[in-house]
Amino acid sequence: MPTPPKVLILGVGNILLRDDGFGVHLIQSLEETAFPPDVQILEAGTVSHQLIPLFRSIDYLIVIDVVEAGDAPGAIFKFSPEDMKFLSGPKLSLHQISLTDVLDMAALTGTKPKTVIIAVQPKNISWGLELSDEVRMTMPKVKELVFEELKKIKDINWEMV
Numbered sequence: 001m002p003t004p005p006k007v008l009i010l011g012v013g014n015i016l017l018r019d020d021g022f023g024v025h026l027i028q029s030l031e032e033t034a035f036p037p038d039v040q041i042l043e044a045g046t047v048s049h050q051l052i053p054l055f056r057s058i059d060y061l062i063v064i065d066v067v068e069a070g071d072a073p074g075a076i077f078k079f080s081p082e083d084m085k086f087l088s089g090p091k092l093s094l095h096q097i098s099l100t101d102v103l104d105m106a107a108l109t110g111t112k113p114k115t116v117i118i119a120v121q122p123k124n125i126s127w128g129l130e131l132s133d134e135v136r137m138t139m140p141k142v143k144e145l146v147f148e149e150l151k152k153i154k155d156i157n158w159e160m161v
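Just so you know, the sequence shown maps onto residues 1 to 161 in my numbering.
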């Protein structure tokens, strides 16, 4: 019997910057979901190269984040890491590491999980803990997209929680 694929659902963002913390908030909302043992959820906060060893143990990566795409707040996007390179802005410091940087570093070590990114256009990334209404209201739809991705990977019917 083949080994079931291992999946990581990764929520990234800074919860101190309102909508930027969307990925972390979504992961927190999934904590009560009964996932099989080969599906892991993780609040990653701000992305770090320390995730690379974790990527070695998975086959699929579903990332939840925000993206500044110049669209209406709450717009939802689904894309690959290659697509994200076109959306990345300039770095302000050599210490800033983006999600695409981490995935590129992982690939250099031979680690390249199949990755999909589900992201929401933020409204407000100023200091504060609350999500804007426009971004908060996308949570059910983004959860639905996560479960659709899991169904593609694992061929399991997921019930919305």
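Even for Gly, the Cβ is constructed at its ideal location relative to N, Cα and C.
Residue environment, residue i, which counts as buried when at least 16 other CB atoms sit within 10 Å
i, result
"residue 110", "exposed"
"residue 162", "An answer regarding residue 162 cannot be provided, because it is not within the stretch 1 to 161 covered by the chain."
"residue 3", "exposed"
"residue 25", "buried"
"residue 150", "buried"
"residue 114", "exposed"
"residue 122", "buried"
"residue 72", "exposed"
DSSP-derived helix/strand/coil call for residue i
i, result
"residue 115", "strand"
Cut-off 6 Å between Cβ atoms - residues of its own chain near residue i, not counting five sequence neighbours on either side
i, result
"residue 17", "125"
Per DSSP, cross-strand counterpart(s) of residue i
i, result
"residue 79", "117"
"residue 40", "8"
"residue 65", "119"
"residue 45", "12"
Residue i vs residue j beta-carbon contact at 7 Å
i, j, result
"residue 21", "residue 14", "yes"
"residue 62", "residue 120", "no"
"residue 41", "residue 58", "no"
Own chain partners of residue i with C-beta closer than 7 Å, once the 5 adjacent residues on each side are dropped
i, result
"residue 130", "18"
Heavy atom of the ligand GDP within 6 Å of residue i beta-carbon
i, result
"residue 117", "Although the ligand GDP was asked about, the structure shown includes no ligands whatsoever."
Own chain partners of residue i with C-beta closer than 8 Å, once the 5 adjacent residues on each side are dropped
i, result
"residue 54", "8 and 42"
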